[in-house]
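Notes follow once the structure below has been shown.
In our numbering, the protein residues as written are 176 to 482.
Now the structure itself:
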């Protein structure tokens, strides 16, 4: 009789396990009218001892919060060079063992293995400069997603906006083909409390001032008309957008959307003065409180030291 080999199922991605867990948590919520969640970005986990130390402190601080967050949103640059070692297996740097981002998150003693954790891709999540996102998809999950939860009147939407539209040697960030269509459809189906995660901030308001950010690649602009289309899609439909890319903290309100820039989860901070008129860059994450389907409170939680 021939031996029948069972096909081994692939290891589920972080997104898959997080979505299943969040579905269960929302279903079991006794009070759907109030909960908290976490926003963060730019951890560069797996890059070395310094970034890992800060990111581990971030996770430990989340574990120590009085109220356990319902989910965590990470706005990209979760790792530094997009390798399997940084995402999954861990590696050795300067003779020292360095954990991967999944090892840090899933650590039962110091991580947050029981909190749904959703990540969108940043430019450093690519394998090499302008490289593929194959490892991100394999270990973290899809590069865009939309999760709708009527019970808590909240939708979580993640998109990718790290495609280089400028050609070789020109970093001009923007959306890949079809991404803005996906965002439009996601917002059409969204609950009133729609929360968008993406990596690169839009070039609007004070962020459009060339003297505000000292690096033009800090934001995405209107290459191929993308910024205008993005703003038209989100207008009057998106209360909150979480972005990163710049290793600091900042906020901006534009055409009815509140943008919160949080890039302090482990990557080297920008120097004081890089963002005009903002607080000294600090390692941090942000705790949000949602009440009756609206974000009513935002709290910056500092971790470690300043720039």
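We put the beta carbon where it would ideally sit given N, CA and C, even for glycine.
Should residue i go down as buried or exposed, given a rule of 16 or more other Cβ atoms within 10 Å for buried?
| i | result |
| --- | --- |
| residue 209 | exposed |
| residue 315 | buried |
| residue 434 | buried |
| residue 183 | Note on residue 183: pLDDT 49, under 50, position unreliable in the model; the coordinate value appears next. Residue 183 is exposed by the Cβ-count criterion. |
| residue 298 | buried |
Which of helix, strand or coil does DSSP assign to residue i?
| i | result |
| --- | --- |
| residue 422 | coil |
| residue 410 | coil |
| residue 466 | strand |
| residue 200 | helix |
| residue 183 | With a pLDDT of only 49 at residue 183, under the threshold of 50, the placement of this residue in the model should not be trusted; the figure read from the coordinates follows. The answer is coil: DSSP assigns residue 183 none of H, G, I, E or B. |
| residue 325 | helix |
| residue 210 | strand |
| residue 226 | helix |
Note down the Cα distance separating residue i from residue j, rounded to an integer number of angstroms.
| i | j | result |
| --- | --- | --- |
| residue 199 | residue 355 | 30 Å |
| residue 265 | residue 430 | 43 Å |
| residue 317 | residue 293 | 10 Å |
| residue 371 | residue 447 | 28 Å |
| residue 221 | residue 396 | 30 Å |
| residue 428 | residue 232 | 30 Å |
| residue 327 | residue 267 | 43 Å |
| residue 482 | residue 454 | With a pLDDT of only 49 at residue 482, under the threshold of 50, the placement of this residue in the model should not be trusted; the figure read from the coordinates follows. Taking the straight line joining both Cα atoms gives about 11 Å. |
| residue 462 | residue 270 | 36 Å |
| residue 445 | residue 276 | 22 Å |
| residue 336 | residue 367 | 23 Å |
| residue 291 | residue 240 | 16 Å |
Can you check whether the C-beta of residue i is within less than 7 Å of a C-beta belonging to chain B?
| i | result |
| --- | --- |
| residue 296 | No chain B appears in this structure, which consists of one protein chain only. |
At a cut of 8 Å, does the segment 315-329 reach the segment 182-196 through at least three beta carbon pairs? yes
Just list the beta strand (DSSP E) runs in the segment 235-315, keeping only unbroken ones of 3 residues or longer that don't cross its boundaries, in chain order. Here the runs fully enclosed are 247-249, 266-268, 271-273, 292-294.
Every unbroken beta strand (DSSP E) within the segment 336-423, with a cutoff of 3 residues, ordered by chain: Those beta strand (DSSP E) runs which fall completely within the segment 336-423 and span 3+ residues are 368-372, 415-418.
Contact between the segment 213-223 and the segment 236-254: three or more CB pairs below 8 Å? yes
Taking contact to mean at least 3 C-beta pairs separated by less than 8 Å, is the segment 384-392 in contact with the segment 402-411? no
Is the segment 471-481 in contact with the segment 360-378, if contact means three or more CB pairs nearer than 8 Å? no
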